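Asker:
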């Protein structure tokens, strides 16, 4: 059974932005959408080892800072070259102003 | 004398780069606060739509001038303008739209990317992947598929590049080969298997347009279709080579700091329009997410950590490299900059200094 882990406070992430969260030797990216929903994916791009938290969030897309590979961060879907492999996504819930991720 | 470089992408240098950790390494970045970087990365359709309207209008206008004045000397200035727009400015459009940063709207990037790829005789699928590799392993010997001038430098080859002849001689047969369904081992080394068939289809489309152009030229009994489609790759490529060679020539290879292997230069506004601000090349390599129209602002933000370069410094370095392959130009960083990282960067240049 996966555990719920506190990633950050709600206010730690700006709207339409992403931050990095490291836990248990793994790295995650935690997103806040324009409509104030929260999402989480693996932290690294599936193409090369670049952290997505350094990238750009536009609408439902996270764009990797290294090669501009694009994913839908809500579904993890890779949106075309140079990324071909989908991102792993994780369930997220908000509890008492904290962003919780099920890892 | 150091090692003899093997620029093959499937050879000894490739193996060494992977084993030593030079391949897919972590690169130096100037510190930029997230808030500032987020603002710089923001996409907008406005600047690229404006520039593309100007670009297309200038292309069509100069093409009309070529047709109108064909057979007179008045055609020369129109050929000059059309050639540079077709054979040179297409390179920066290919580049920026390939990164997906020129426009905010994805399909606009894709449309201009494919048009510019055709103008350059570049397979749009192959070159998308080769450029991704160029960003992962910039000027890493055995890994980077886009090293323009290898060591020791072939000056005749570099000189002929300004005429477009060598590129033409490489690009057209490459497209023909790919159209017949054959990708080289090197191409397969950086194009994922699931994308390789797309490269073949793209090459077939390019060849279909060239065959149609030749057929129209024969039917009309005129050179004009070929002067407008295909041949500008020869007579208009000089500006792209002038600006493009500046990016990395004479600088270090096998390093993981773009300040050592990439050059930022200042340029006149016309060249910057043609080149879409790629003269800020260190900035682009450090932060490829920043659109071309925001690069001057990024430059202002991080120039304390960079050095400047000039074209005149290139020639003496190339001459020195003819004799000492390991020699490269290493500029001193400004006192405000963070120092170069030691690992990978220590190259013995004592022989070249004698």
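Residue numbers (the numbering used here), protein chains in the order written: chain A, 20 to 122; chain B, 3 to 356. Note that beta-carbon positions come from the ideal geometry of N, C-alpha and C, so glycine has one too. As the structure is a computational prediction, the values presented were derived from the model and not from experiment.
Work out the CA separation of residue 47 of chain B and residue 160 of chain B for me, nearest whole Å.
Answerer: For the purposes of this step, residue 160 of chain B is identified with residue 158 of the second chain, where counting begins at 1. For the purposes of this step, residue 47 of chain B is identified with residue 45 of the second chain, where counting begins at 1. Each residue's alpha carbon lies about 36 Å from the other.
Asker: Under the three-state reduction of DSSP, which class applies to residue 138 of chain B: helix, strand or coil?
Answerer: Reading the second chain from its first residue, position 136 is the one you call residue 138 of chain B. In the structure shown, the three-state DSSP call for residue 138 of chain B is helix.
Asker: Could you pull out every residue in the same chain whose Cβ sits closer than 8 Å to the Cβ of residue 247 of chain B, ignoring the five residues on either side in sequence?
Answerer: Taking the second chain and counting its residues from 1, one reaches residue 247 of chain B at position 245. Hits under 8 Å: 150, 151, 160, 163 and 316.
Asker: Using a beta-carbon distance cut-off of less than 9 Å, what residues from the segment 85-108 of chain A approach chain B?
Answerer: 85, 86, 87, 88, 89, 98, 99, 100, 101 and 103
Asker: Start and end of the alpha helix (DSSP H) containing residue 103 of chain A?
Answerer: Within the first chain, residue 103 of chain A is the residue found at index 84, counting from 1. Looking at the DSSP string, residue 103 of chain A is not in any alpha helix (DSSP H), and its letter there is neither H nor E.
Asker: Return no unless some Cβ of chain A is closer than 8 Å to the Cβ of residue 337 of chain B.
Answerer: Here residue 337 of chain B corresponds to residue number 335 of the second chain, with the count starting at 1. Taking Cβ atoms only, chain A never reaches closer than 8 Å to residue 337 of chain B, which makes this a no.
Asker: Assuming residue 306 of chain B contacts residue 266 of chain B (C-beta within less than 8 Å), just tell me the rounded distance between them.
Answerer: Reading the second chain from its first residue, position 304 is the one you call residue 306 of chain B. Reading the second chain from its first residue, position 264 is the one you call residue 266 of chain B. Residue 306 of chain B to residue 266 of chain B, Cβ: 13 Å. No contact.
Asker: Given a threshold of 16 other Cβ atoms within 10 Å of its Cβ, counted over all protein chains shown, does residue 40 of chain A qualify as buried or as exposed?
Answerer: Within the first chain, residue 40 of chain A is the residue found at index 21, counting from 1. That one is buried.
Asker: What are the residues that DSSP puts in a beta bridge with residue 7 of chain A?
Answerer: In this structure chain A extends from 20 to 122, so residue 7 of chain A is not present and cannot be described.
Asker: What does the alpha-carbon distance come out to for the pair residue 19 of chain B and residue 145 of chain B?
Answerer: On the second chain, position 17 is the one that residue 19 of chain B refers to. On the second chain, position 143 is the one that residue 145 of chain B refers to. Computed Cα separation, rounded: 7 Å.
Asker: Whose C-beta lies closer than 7 Å to the C-beta of residue 42 of chain B among residues of the same chain, with five residues either side of it excluded?
Answerer: Locating residue 42 of chain B in the second chain gives position 40, counting from the first residue. 292, 296, 299 and 300.
Asker: Given a threshold of 16 other Cβ atoms within 10 Å of its Cβ, counted over all protein chains shown, does residue 277 of chain B qualify as buried or as exposed?
Answerer: Indexing the second chain from 1 puts residue 277 of chain B at position 275. By the neighbour-count rule (16 or more Cβ atoms within 10 Å), residue 277 of chain B is buried.
Asker: Excluding the 5 residues flanking residue 92 of chain B on each side, which residues of the same chain have their C-beta closer than 6 Å to its C-beta?
Answerer: As a first step, residue 92 of chain B is located in the second chain; it is residue number 90 there, counting from the start. 118, 121 and 122, listed in sequence order.
Asker: Could you give the C-beta distance for residue 85 of chain A and residue 103 of chain A, rounded to a whole number, given that I count them as a contact under 8 Å?
Answerer: Position 66 of the first chain, counting from 1, holds the residue named residue 85 of chain A. Position 84 of the first chain, counting from 1, holds the residue named residue 103 of chain A. About 15 Å; that fails the 8 Å criterion.
Asker: Is the separation between the beta-carbon of residue 264 of chain B and that of residue 243 of chain B shorter than 8 Å?
Answerer: For the purposes of this step, residue 264 of chain B is identified with residue 262 of the second chain, where counting begins at 1. For the purposes of this step, residue 243 of chain B is identified with residue 241 of the second chain, where counting begins at 1. Not in contact: residue 264 of chain B and residue 243 of chain B (Cβ atoms no closer than 8 Å).
Asker: Using a cut-off of 8 Å between C-beta atoms, extract the partners of residue 131 of chain B located in chain A.
Answerer: Reading the second chain from its first residue, position 129 is the one you call residue 131 of chain B. For residue 131 of chain B, the neighbours in chain A by C-beta distance under 8 Å run, in chain order, 100 and 101.
Asker: What are the boundary residues of the alpha helix (DSSP H) that residue 46 of chain A is part of?
Answerer: Working through the first chain from its first residue, we reach residue 46 of chain A at position 27. Premise fails: residue 46 of chain A lies in the beta strand (DSSP E), 45-51, not in any alpha helix (DSSP H).
Asker: Name the chain A residues that come within less than 8 Å of residue 103 of chain B, Cβ to Cβ?
Answerer: As a working mapping, residue 103 of chain B is identified with position 101 in the second chain. Neighbours of residue 103 of chain B on chain A, chain order: 87.
Asker: Within 10 angstroms of the Cβ of residue 85 of chain B, are there 16 or more other Cβ atoms? Answer buried if so, exposed if not.
Answerer: Translated into positions along the second chain, residue 85 of chain B becomes position 83. The residue is buried, with at least 16 neighbouring Cβ atoms inside 10 Å.
Asker: Please list the partners that residue 137 of chain B has in chain A, where partner means a Cβ-to-Cβ separation under 7 Å.
Answerer: Stepping through the second chain from its first residue, residue 137 of chain B is reached at position 135. Under the 7 Å cutoff, chain A gives 85 and 86.
Asker: Please give me, in chain order, every unbroken run of the alpha helix (DSSP H) with length at least 4 that falls completely inside the segment 6-80 of chain B.
Answerer: Those alpha helix (DSSP H) runs which fall completely within the segment 6-80 of chain B and span 4+ residues are 14-22, 36-43 and 48-71.
Asker: Listed in chain order, which residues of the segment 179-195 of chain B have Cβ atoms closer than 7 Å to some Cβ of chain A?
Answerer: With the criterion set as a beta carbon lying under 7 Å from some beta carbon of chain A, the members of the segment 179-195 of chain B are 194, in sequence order.
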